[in-house]
Amino acid sequence: MAVAWRALISEVGLAWQAEALGALRKGLGVALVAPPPLGPAMLLLLIAERLASHDETLLLIAPDAASHQDLLAAARSIDALLGGGRPHQSIESATPPRTITGQTGLLITTPEVVHQRLLRQHQRAWSALWRRIDGVVL
């Protein structure tokens with residue numbers, strides 16, 4: 002994980018990083034505020050750490066479509082830096098529910114898709130997805 006931190010942020014071992022990672026490993030919540038490009042990279046690194054230490058599925062809600070694409074690209078980069086094996090998937094307006102697999106650790110979407118697709122059809126098409134989600138990241 003330290004290799005990924007250095008590659009993306011150029012800093013490792015800062016007190017706030019240790020505190021955030023310790024909180025995540027204990028299952029506690031973490032608030033992170035940082036401007037792009039550092040903010041999304043740090044957020045995804047913390048998510049990767051959480052998924053590495055807990056077998057769960059997290060739903061990441063990007064603020065808009067552009068951020069959604071940026072987060073997807075950053076998630077791919079982080080996955081490559083960490084050696085792969087950290088599955089993530091995008092949920093867009095045309096994503097069929099059956100394409101979301103059980104091994105997906107991180108689902109990335111936007112508020113519009115949450116309201117128009119995931120919540121609107123939560124009892125039928127997306128019910129299996131909601132049962133698997135262990136946390137929501139905003």
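Read in order, the letters of the sequence shown correspond to residues 2 to 139 in our numbering.
Built from N, CA and C at the ideal position, the CB exists for glycine as well.
Status (buried if at least 16 other CB within 10 Å, exposed otherwise) for residue 79: buried
Have a look at residue 111 and residue 16 and give me their C-alpha separation to the nearest angstrom. 31 Å
Neighbourhood of residue 72 by C-beta distance below 6 Å, restricted to the same chain and skipping five residues each side: 41, 63, 109
What are the start and end residues of each continuous alpha helix (DSSP H) run of 4 or more residues lying completely inside the stretch 25 to 94, in chain order? Taken in chain order, the complete alpha helix (DSSP H) segments of 4 residues or longer contained in the stretch 25 to 94 are 39 to 54, 66 to 82.
Under 8 Å, with one C-beta from each stretch per pair, do the stretch 17 to 33 and the stretch 80 to 92 reach the 3-pair mark? No, because fewer than three Cβ pairs between the stretch 17 to 33 and the stretch 80 to 92 fall closer than 8 Å, the two stretches do not touch.
What's the gap between the Cα of residue 45 and the Cα of residue 125? 30 Å
What number of angstroms, rounded off, separates the C-alpha of residue 91 from the C-alpha of residue 97? 11 Å
Under the three-state reduction of DSSP, which class applies to residue 96: helix, strand or coil? coil
Along the chain, where does the beta strand (DSSP E) that runs through residue 108 open and close? 107 to 110
Less than 9 Å separating the beta-carbons of residue 136 and residue 77? no
Residue(s) in a DSSP beta bridge with residue 136: 59
Candidates 60, 100, 70: which alpha carbon is nearest residue 131's? Residue 60 is the option with its Cα nearest to residue 131.
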